[in-house]
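Report on one structure; see the data block that follows.
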Amino acid sequence: MLALVFVSDMESEMETHVVLLSSPGLGHLTPVLELAKRLATLSNSKVTIFVVPSLSAAESLVIQSFMSLNLCRIILLPPPDISHLVHADAAVVTRIAVIMREIKPAFSSAVSALSVPPTLFIVDLFGYESMDFADQFKIPKFVYIPSHAGFLALTLYLPVLDEVVKGEYVDEKDALFIPGCRPLQLEDVVDPMLCRSDQQYLEYLNMGIKIPMADGILLNTWEELEPATLAALRNDKLWGGISKAPIYPVGPTVTTPNRPIDSNKSEMFLWLDKQPSESVLYISFGSGGILTKEQMRELALGLQLSQQRFIWVVRTPVVAKSCDGSFFTVGNDCNDERLASYLPEGFLDWSNNMGLIISDWAPQVEILRHQSVGGFLSHCGWNSTLESITHGVPLIAWPLYAEQRMNATLLVEELKIAVRSKTLPSKEIVGREEIKLMVKRLMVDEEGHTMRARVKQLKLSGEKAWNHNGSSFKALAQLMR
Ligand code: UDP
Numbered sequence: 007m008l009a010l011v012f013v014s015d016m017e018s019e020m021e022t023h024v025v026l027l028s029s030p031g032l033g034h035l036t037p038v039l040e041l042a043k044r045l046a047t048l049s050n051s052k053v054t055i056f057v058v059p060s061l062s063a064a065e066s067l068v069i070q071s072f073m074s075l076n077l078c079r080i081i082l083l084p085p086p087d088i089s090h091l092v093h094a095d096a097a098v099v100t101r102i103a104v105i106m107r108e109i110k111p112a113f114s115s116a117v118s119a120l121s122v123p124p125t126l127f128i129v130d131l132f133g134y135e136s137m138d139f140a141d142q143f144k145i146p147k148f149v150y151i152p153s154h155a156g157f158l159a160l161t162l163y164l165p166v167l168d169e170v171v172k173g174e175y176v177d178e179k180d181a182l183f184i185p186g187c188r189p190l191q192l193e194d195v196v197d198p199m200l201c202r203s204d205q206q207y208l209e210y211l212n213m214g215i216k217i218p219m220a221d222g223i224l225l226n227t228w229e230e231l232e233p234a235t236l237a238a239l240r241n242d243k244l245w246g247g248i249s250k251a252p253i254y255p256v257g258p259t260v261t262t263p264n265r266p267i268d269s270n271k272s273e274m275f276l277w278l279d280k281q282p283s284e285s286v287l288y289i290s291f292g293s294g295g296i297l298t299k300e301q302m303r304e305l306a307l308g309l310q311l312s313q314q315r316f317i318w319v320v321r322t323p324v325v326a327k328s329c330d331g332s333f334f335t336v337g338n339d340c341n342d343e344r345l346a347s348y349l350p351e352g353f354l355d356w357s358n359n360m361g362l363i364i365s366d367w368a369p370q371v372e373i374l375r376h377q378s379v380g381g382f383l384s385h386c387g388w389n390s391t392l393e394s395i396t397h398g399v400p401l402i403a404w405p406l407y408a409e410q411r412m413n414a415t416l417l418v419e420e421l422k423i424a425v426r427s428k429t430l431p432s433k434e435i436v437g438r439e440e441i442k443l444m445v446k447r448l449m450v451d452e453e454g455h456t457m458r459a460r461v462k463q464l465k466l467s468g469e470k471a472w473n474h475n476g477s478s479f480k481a482l483a484q485l486m487r
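Going left to right, the sequence shown walks through residues 7 to 487 as our numbering numbers them.
Right, here's the structure in full:
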């Protein structure tokens, strides 16, 4: 029924063929697939998604499961060898940007070979290099930033900051001014802005220069979540000289599970079924997040002190500080026995009745939507953040890398649905006592109940955004027109 309404909204009978391009990494692929699903089901469009896969087993599972829906065509582009172009220890942003540059010839010939020519082109935030390719077909080109309006504002304003700020951003005296938006605290700058001589900074700057050249920008947020920032971005006096590309907030677009829970995992759901309502804290650091051994130990001891129930997705820790170490390999390292050896003595005995340890990868959305789950200790990746909001679950914000510190501030200071530690977990070890206090604030105290009530309101507002005549529904219909 929804599809018919959407099509008649479009007042068009012309067949559209939307071509999407996704960069490697689950955090990028998932929102592209979900947007594709909406396009295929809400409009009469044919949708083809080009995916540059990473080496992660988790990503392969997601692709297989999506293919089984038979909604859209997925074409995998073999990842190019970039070993001669970047250092083995180059930042994730650099590696993805180089991969997406190198993929251009393969992508270009694959699109040219399509039997039905594309009529609309949507690339994700790292696909901007391939955007001009749409000009050959004389079709509109859009960029999908699977993040929030605050992140878009920073990205678009970076070329100006690059001119104005002379030294390192983190050495500035005051927070960074961004027109019409909350000033960006220096400790919240995104990873690529931490060091201006690193290649990832230049890649990010390039993104800020190229994105305004699109015919429109899609965001994974919705009008009612960030009204002030979206209004500022559309204020021509403030932003007209920087970007005139119309903005289409088409969120919340989050994973809708479509695979059966396998027997191995169902043990976890049997356990969850037995727990009191909203009593379990789910702990996960996304597809890339890794803790140090010491931090893992403190987290375990903090949980024990809090005496709260939990499900923890545990990954092999790192010795040095690399927070995003599993970005390209998540899901490849499931080994329960080895992981147990990183936890403090006695922890597993204590946790027998209190919680579950899952190695490396968990069915996150299925967990978050279970009624026993009442909190999420998260690295604040934007997908995880939206998955938490759309299931009415408040958070403990534990930002590690990328733009997660900005996301954490949005959750704690603007939306008021999360607590966070006094110091940044990406800088210092968060101790067991502070962890205990945060867990209790969220899971036991009145403060947590208030946040839970607030996040449930946001959940409803996200649902409304996709109703007929909801803001995101209308934005997508408008774009398709
Ligand atoms: N995810 C999952 N199970 C895990 C860890 C992550 O299903 O054990 C999914 C999660 O639901 C989300 C995505 O992986 O959709 C992670 O994206 P996010 O933007 O939160 O963080 P990133 O991985 O990009 O840092």
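Glycine residues also receive a C-beta, built at the ideal position from the N, C-alpha and C atoms. For clarity, every value in this text was computed on a predicted model and none was experimentally measured.
| query | result |
| --- | --- |
| Bounding residues of the beta strand (DSSP E) (the contiguous stretch that carries residue 127) | 126-130 |
| Which of helix, strand or coil DSSP assigns to residue 394 | helix |
| Distance between residue 45 and residue 482 (C-alpha atoms, nearest Å) | 8 Å |
| Which residues DSSP lists as bridging residue 371, in chain order | In the DSSP output, where bridge partners are listed per residue, residue 371 has none listed. |
| Sequence-distant residues of its chain with Cβ nearer than 6 Å to residue 303 (five each side left out) | 350 |
| Cβ-Cβ distance between residue 528 and residue 167 below 8 Å | The question about residue 528 has no answer here: the residues shown for the chain are numbered 7 through 487. |
| Reduced DSSP secondary structure (H/G/I, E/B, other) of residue 52 | strand |
| Bridge-paired residues (DSSP) for residue 43 | DSSP output for residue 43 lists no bridge partner at all. |
| Residue interval of the beta strand (DSSP E) (run including residue 25) | 23-28 |
| Collapsed DSSP secondary structure at residue 116 in the structure displayed | helix |
| Identity of the residues DSSP links to residue 318 by a beta bridge | 289, 363 |
| Alpha-carbon to alpha-carbon, residue 194 and residue 1 | Given that the chain is displayed from residue 7 to residue 487, the structure contains no residue 1 and the question cannot be resolved. |
| Own chain residues within Cβ distance below 6 Å of residue 140, not counting five before or after | 127, 147 |
| Given residue 30 as reference, the closest of 38, 281, 452 once Cα atoms are compared | 38 |
| Contacts around residue 79, its chain only, beta-carbon distance under 6 Å, and the 5 residues preceding and following it disregarded | 54 |
| Near the ligand COA: residue 36 beta-carbon under 7 Å from a heavy atom | The ligand COA is absent from the structure shown, which contains only the ligand UDP. |
| Classification of residue 272 by the beta-carbon crowding that lies within 10 angstroms, buried from 16 upward | exposed |
| Sheet register partners of residue 148 (DSSP bridge) | 128, 222 |
| Three-way DSSP call (helix, strand, coil) for residue 380 in this model | strand |
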